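Student: My questions all concern the structure below.
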Amino acid sequence: MQKRNKFRTAVITGVGMYVPEKVLDNKYFESIIDTNDEWIRARTGIKERRILEEGGTSILATKAIEDLLESTNTDPLDIDAIIVATVTPDMLFPATACLVQDNIGAKNAWGYDLSAACSGFIFALQSGTSLIESGQCEKVVVVGADKMSSIIDYTDRNTCILFGDGASAVLLEPSNDLDIGIQNSILRTDGSGRDVLRMKAGGSLHPASHETIDNREHFVYQDGKSVFKAAVKGMADVAVEIMEKSGLTGEDIAYLVPHQANLRIIDATARRMGINPERVTINIEKYGNTTAATIPLCLTEYYRDGKFKKGDNIILSAFGGGFTWGAVHLVWGIE
Ligand code: UT7
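Going from the sequence shown to this note's numbering is simple: count from 1 and add 40.
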């Protein structure tokens, strides 16, 4: 295995999650747009998604981190840094990380938001890993959180059925056992994909105006077909590449934890990697695409379900707006 020169690794030592109670099922969409349950399930794998009715993304992230702190018995004062992966910050500034830091009483932590759309969690995980490996931090919270319902156009049937709200967090801590924790990552960005998945207005280029609102430019725009093609290739390519980098075959991998955007993209990635479908984490049917939250939500649910064992090789893989994409190889470190 190609290993980085390091004196300690970053290990996921705890997980936590929050999804709001309100459920939108496929039947609901039949009542607001021209669609049907069968089409949505067959084309995407989604049956329902969760919606946060009150408050912004910081509420989702706060509740997920509270779950993490409680389940790991961690004192918020011991947290050194908080990285919030999101494309739906409560506001452009202050960063959602500041709001979350205050909400949980992490008085000794600094933090920042990271914008990489559906790859946000794995980009943030790599950032947190670097903080741990370099010796700068001892406890880093990485949370993926998105209130996608705040930027979805519920008259656009191509897009609105796909997304939901949710958050999930992991705790990263150092280990001197270099064989556990984050082993390798490959991360990619290609801004030439900027036009097929984006929110046009609300930034410095097109600040909010009557015109941008009239033109419905504060919502997610997606050319589904183009993104689908790029995602199938990008996610599978990078997943195969990381297996080579870590010297793994399909049989060595306990679980593939893919971004949950479309079941067909997930299936194509698993096939290219030579992984048995039972070894792929899936919860898209319950939550849809929660953007930065999909991968940690899978990690949390499968771990709590007793599926991961210490020493398991796990591959995370994502593709999203930007374009951004990548894969991480980690060895599960919790008993
Ligand atoms: O996480 C970030 C990355 N995002 C993704 O990875 C999403 C990538 N894209 C996709 O998952 C898929 O492209 C979609 C699920 C968005 C669409 O599936 P598709 O198989 O690519 O469908 P399509 O866009 O080719 O549309 C097929 C037909 C069209 O009708 P015509 O032109 O054939 O008459 C659409 O108008 O399905 C129609 N359609 C719908 N029908 C019923 C589009 N949306 C719907 C809908 N219900 N909600």
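We treat Cβ as the ideally placed atom computed from N, Cα and C, and that holds for glycine. Quick caveat, the model's predicted, so the values are computed rather than measured.
1) Quick one: what does DSSP say ASP205 is sitting in, helix, strand or coil?
2) Are three or more beta carbon pairs between the region 242–258 and the region 357–372 nearer than 8 Å?
3) Straight-line CA distance for THR169 to ASN66?
4) Who are the near neighbours of ASP230 in its chain, counting only those whose CB is closer than 6 Å to its CB and skipping five residues on each side?
5) Using the beta-carbon count (16 or more within 10 Å), is ALA135 buried or exposed?
6) Less than 8 Å separating the beta-carbons of ASP153 and VAL124?
7) Enumerated in chain order, which unbroken segments of the beta strand (DSSP E) with a length of 3 residues or greater are wholly contained in the region 159–230?
8) For CYS200, tell me which candidate among GLU173, ARG228, PRO60 and ILE72 has the shortest Cα-Cα distance.
9) So LEU296 packs on SER357, CB below 8 Å; how close in whole Å?
10) Assuming GLY264 is part of the alpha helix (DSSP H), what are its boundary residues?
11) In three-state DSSP terms, what is ARG89?
12) Mind checking THR163: buried by the 16 CB within 10 Å criterion, or exposed?
13) First and last residue of the alpha helix (DSSP H) that includes MET313?
14) Am I right that VAL210 and ILE52 are in contact with their C-beta atoms under 8 Å? What's the rounded C-beta distance?
15) Just how far apart, CA to CA, sit VAL272 and ILE172?
16) Is ARG228 near the ligand UT7 - that is, is its Cβ less than 7 Å away from at least one heavy atom of it?
17) Provide the residue(s) that pair with GLY368 in DSSP beta bridges, ordered along the chain.
18) Kindly list the residues whose CB is nearer than 8 Å to the CB of ILE191, restricted to its own chain and excluding five residues on each side of it in sequence; keep chain order.
19) Would you call ILE253 buried or exposed, if buried means 16 or more other Cβ atoms sit within 10 Å of its Cβ?
20) With ASP142 as the anchor, note down where its alpha helix (DSSP H) starts and where it stops.
21) For the 8 Å Cβ check, are there 3 or more pairs between the region 330–338 and the region 180–190?
22) Within the present structure, is the beta-carbon of ILE80 separated from the nearest heavy atom of the ligand UT7 by less than 7 Å?
Tutor: From the atom records:
1) Numbered from 1 along the sequence shown, position 165 holds the residue referred to as residue 205. ASP205: strand per DSSP, three-state reduction.
2) no
3) On the sequence shown, position 129 is the one that residue 169 refers to. On the sequence shown, position 26 is the one that residue 66 refers to. Going by the C-alpha atoms only, they are around 38 Å apart.
4) Sequence index remark: in the sequence shown, residue 230 carries index 190 (1-based). The residues are PHE363.
5) One-based indexing of the sequence shown puts residue 135 at position 95. It is buried - the Cβ of ALA135 has at least 16 other Cβ atoms within 10 Å.
6) On the sequence shown, residue 153 is found 113 positions in, with the first residue counted as 1. On the sequence shown, residue 124 is found 84 positions in, with the first residue counted as 1. In this structure, VAL124 lies closer than 8 Å to ASP153 by Cβ.
7) 180–187, 205–215 and 221–229
8) Here residue 200 corresponds to residue number 160 of the sequence shown, with the count starting at 1. Nearest C-alpha to CYS200: ILE72.
9) Position 256 of the sequence shown, counted from the first residue, corresponds to residue 296. Position 317 of the sequence shown, counted from the first residue, corresponds to residue 357. About 7 Å; that satisfies the 8 Å criterion.
10) Residue 264 sits at position 224 when you count from the first residue of the sequence shown. Counting along the chain, the alpha helix (DSSP H) containing GLY264 begins and ends at 264–286.
11) By one-based count along the sequence shown, residue 89 stands at place 49. Residue state, collapsed to three classes: strand.
12) Here residue 163 corresponds to residue number 123 of the sequence shown, with the count starting at 1. Rather than Thr, the amino acid found at residue 163 in this sequence is Phe. The residue in question, PHE163, is buried, as its Cβ has 16 or more Cβ neighbours within 10 Å.
13) Locating residue 313 in the sequence shown gives position 273, where the first residue counts as 1. 303–313 is the extent of the alpha helix (DSSP H) around MET313.
14) One-based indexing of the sequence shown puts residue 210 at position 170. One-based indexing of the sequence shown puts residue 52 at position 12. Indeed they touch by this definition, with Cβ atoms about 5 Å apart.
15) As a first step, residue 272 is located in the sequence shown; it is residue number 232 there, counting from the start. As a first step, residue 172 is located in the sequence shown; it is residue number 132 there, counting from the start. Spanning the two alpha carbons is a distance of roughly 32 Å.
16) Along the sequence shown, read from residue 1 onward, the residue named residue 228 stands at position 188. Checking the Cβ of ARG228 against the ligand UT7 gives no.
17) Within the sequence shown, the letter at position 328 stands for residue 368. It is worth fixing the name first, because residue 368 is Val in this sequence and not Gly. Beta-bridge pairing links VAL368 to SER225 and LEU356.
18) Here residue 191 refers to the residue found at position 151 of the sequence shown. Correct list, in chain order: VAL127, THR128, MET239, HIS258, PHE259 and VAL260.
19) Taking the sequence shown and counting its residues from 1, one reaches residue 253 at position 213. That one is exposed.
20) Position 102 of the sequence shown, counting from 1, holds the residue named residue 142. 136–144 is the extent of the alpha helix (DSSP H) around ASP142.
21) yes
22) By 1-based counting over the sequence shown, the position of residue 80 is 40. At least one heavy atom of the ligand UT7 is nearer than 7 Å to the Cβ of ILE80, so yes.
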